[in-house]
Amino acid sequence: MAVHTGTVRVIEPATEKVLAELKEASVEDADRAVARAKAAYPAWKAVTPKDRANLMRRIAVAIDKHREELAQLEARNVGKPISDARGEVGMVVDVFNYYAGAPERLVGKTIPVAGGVDFTFREPLGVVALIIPWNFPLPIASWKVAPALAAGNTVVLKPAGLTPLTAVELAKIALEAGLPEGVLNVVVGAGRVVGERLVQNPDVAKVAFTGSTEVGRRIGELAAQSIKRVTLELGGKSANIVFADADLEQAAASAPLAVFGNAGQDCCARSRILVERSAVDRFMKSLETSVKALKVGDPLDEKTEMGPLISADHRQKVAAYLDDGARVAIRGSAPSGPGYWFPPTVLSPVSNSDRVAREEIFGPVAVIIPFDDEAEAIEIANDTIYGLSGSIWTNNAGRAMRVARSLETGTISINSNNSVRVTTPFGGFKQSGVGRELGPDALDYYTELKNVFLSTS
Ligand code: NAP
Ligand code: MG
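Structure follows, in structure tokens:
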């Protein structure tokens, strides 16, 4: 076995100080975690649906009990506002409670056939590897862990190197709540090392990944070698379409957090704001008021609405988008001093062919793209490799439905910028991903469909 001395140093983005140091997992550690998950699988699969449901509920209760400490840890590690972090832990509790209903409801079908009876079963896959990003570490872990466990799989979870802390806590909490040893394993290590090993390990049946389209493509390639099941939740460049007949004040008041929430590090960020030309001036005036009012600062301050970016590297990447003569129309505030701060920024007017409109910036930068009519709005919104979320603002119900049906995107809100609900499916069209999370449909991606025919002759 190779000697391994790597360390994962976790930095607090608001202070640039070291928050924690963890031992970095090696390829051998990843294989050991898979072996533990494999050994735990037969017993976990055999737990009765009722007992598995009860255990899921106990995990939800235990997470709720640790709500404040998890929220503080996540707020410090990601640099996200504490009020957001509390809401996110609340969602994690809801996710475990929601999927606690699944073990007893994984029903099959009976299908009319000649000469017998035919029925289907939803069966677990075995060991699943779950690879998650740094922007919403705990919620995204729960979207994968909860349905995977509910369906009877065992899990190896790999958090992002920048934000491994709450994943480790989640596994401890689940163990405390009574989850058997080996059912949920966490491996803290580099994506290119342990991440790739998990995708290649022959004992892993499925990989569920959230992260960049680039890494998603690599995972798809590696998984293809052994025909592993794969779900991918990738990037986005979503449109927020504002028609002149909308409640412009409301659209402008909610647009900033729809892109600057989580400092823009949100795959659902509505970072292309498409505004009907006749309404651009009025919309920009209201938008400026809301952007300037955004409270950017200490994540642990109750009133903060936007924190820093995740890292110095990432800030440099975001800043590079503003280098080449970008038209800055609105600029909000940001603290100086230590911390990876970046002010909320609106560029206007922008053409959909500009780089800032085509690439996912993943920072607090929004672009304003004017349009002349409904057809053009749809054409611009769909002119992207991505298709994750989006919004339509109009008071014309017919138009709202026409546009909603025309957009090539996975989740759309009308007169709202909400993207994610525990009970409804979430995922992307086009290069935003493969498969769905949350809601009842997620279970299809953590189970295999078996058909049994019984001859009656
Ligand atoms: P990333 O670089 O793709 O990393 C995501 C995860 O994959 C991390 O745990 C990372 O580990 C791991 N990883 C990296 N290279 C790998 C490889 N070759 N094989 C296996 N695993 C590997 O993404 P990120 O930088 O964390 O997050 C930003 C991106 O994620 C954005 O593009 C954003 O749109 C997307 N995102 C999408 C969603 C969604 O739901 N659709 C949600 C959040 C984020 P390390 O940390 O060790 O590198
Ligand atoms: Mg990365």
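For reference, each letter of the sequence shown is one residue, going 2 to 458 in the numbering used here. Beta carbons are placed, not taken as given, at the ideal position from N, Cα and C, and that holds for glycine.
Asked                                                                                                                                                                                   : Found
Using DSSP's beta-bridge definition, name the partner residues of Gln132.                                                                                                               : Note that residue 132 is Ile in the sequence shown here, rather than Gln. Note: Ile132 sits in a beta bridge opposite Lys159 and Phe210.
Three-state secondary structure (DSSP) at Asn186?                                                                                                                                       : strand
Relative to the C-alpha of Pro257, which candidate in Lys238, Trp342 and Val366 has its C-alpha closest?                                                                                : Val366
Output the boundary residues of the alpha helix (DSSP H) element that contains Glu75.                                                                                                   : Arg68 to Val79
When you compare only the Cα positions, how much space is there between Ala15 and Ala86?                                                                                                : 15 Å
Is Ser312 near the ligand MG - that is, is its Cβ less than 7 Å away from at least one heavy atom of it?                                                                                : no
If you count every other CB in all the chains shown that lies within 10 Å of the CB of Met2, and 16 or more means buried, which is it?                                                  : Annotation note: pLDDT 36 at Met2 (below 50); position unreliable, coordinate value reported separately. Exposed.
Less than 7 Å separating the Cβ of Leu235 from some heavy atom of the ligand NAP?                                                                                                       : yes
For Ala264, name the three-state secondary structure that DSSP assigns.                                                                                                                 : helix
Which residue from Ala149, Val114 and Arg123 puts its Cα closest to that of Val96?                                                                                                      : Ala149
I'd like to confirm the pairing. Which residues does DSSP put opposite Trp342 in its beta bridges?                                                                                      : Looking at the DSSP assignment, Trp342 forms no beta bridge with any residue, so it has no partner.
Provide the residue span of the beta strand (DSSP E) that contains Pro391, from first to last.                                                                                          : It should be noted that the sequence gives Gly, not Pro, for residue 391. Its beta strand (DSSP E) spans residues Gly391 to Trp394.
With a threshold of 8 Å, are at least 3 pairs of Cβ atoms found where one atom belongs to the stretch 128-135 and the other to the stretch 199-216?                                     : yes
Which one or two residues does DSSP pair with Asp119 in a beta bridge?                                                                                                                  : Ile112 and Phe454
Kindly indicate which three-state DSSP category Glu422 falls into: helix, strand or coil?                                                                                               : It should be noted that the sequence gives Arg, not Glu, for residue 422. Of the three classes helix, strand and coil, the one that applies to Arg422 here is coil, per DSSP.
In three-state DSSP terms, what is Ser27?                                                                                                                                               : coil
Should the stretch 303-321 be called in touch with the stretch 400-407, which here means at least 3 C-beta pairs below 8 Å?                                                             : no
Have a look at Ala63, Thr49, Ala252 and Leu107 and flag the residue whose alpha-carbon is nearest the alpha-carbon of Thr448.                                                           : Leu107
Please work out which residues of its chain come closer than 6 Å, Cβ to Cβ, to Thr385, disregarding the five sequence neighbours upstream and downstream, and give them in chain order. : Lys238
Taking only runs that begin and end inside the stretch 273-321, name each unbroken beta strand (DSSP E) of 3 or more residues, in chain order.                                          : 273-277
Touching or not, the stretch 254-269 and the stretch 223-233, by the rule of three or more beta carbon pairs under 8 Å?                                                                 : no
Is the beta carbon of Gly298 sitting closer than 8 Å to the one on Phe363?                                                                                                              : no
Counting C-beta neighbours from all protein chains within 10 Å, is the total for Ser458 16 or more, i.e. buried, or is it exposed?                                                      : exposed
Under 6 Å Cβ to Cβ from Ala240, same chain only, skipping five residues before and after it: list those, please.                                                                        : Arg273, Leu275, Ala382 and Gly391
Could you name the residues of the same chain whose beta carbon sits closer than 6 Å to that of Leu233, not counting the 5 residues immediately before and after it, in chain order?    : Phe210, Gly217, Gly434 and Val435
Does the ligand NAP have even one heavy atom less than 7 Å from the beta-carbon of Ser433?                                                                                              : yes
Starting from Ala240 and walking both ways along the alpha helix (DSSP H), at which residues does that stretch end?                                                                     : Taken as a continuous stretch (DSSP letters only), Ala240 belongs to no alpha helix (DSSP H), being part of the beta strand (DSSP E) at Ala240 to Val243.
Take the Cβ of Lys286 as the centre, count every other Cβ of all protein chains shown within 10 Å, and call the residue buried at 16 or more, exposed below.                            : exposed
Pick helix, strand or coil for Glu22, following the three-state DSSP scheme.                                                                                                            : strand
Using 8 Å as the Cβ pair cut-off and three pairs as the minimum, do the stretch 54-64 and the stretch 113-126 touch?                                                                    : no
Is it right to say Ala443 is buried, meaning 16 or more other beta carbons lie within 10 angstroms of its own, or is it exposed?                                                        : buried
Looking at the ligand NAP, does it come within less than 7 Å of Leu163, judged from the CB to the closest heavy atom?                                                                   : yes
Per the DSSP calculation, Pro125 is bridged to which residue(s)?                                                                                                                        : Thr448
So, using beta-carbon positions, are Asn202 and Val156 closer together than 8 Å?                                                                                                        : no
Would Leu199 pass as a contact of Val329 if the rule is Cβ separation under 8 Å?                                                                                                        : no
Whole angstroms are fine: how far does the CA of Glu277 sit from the CA of Asp246?                                                                                                      : 9 Å
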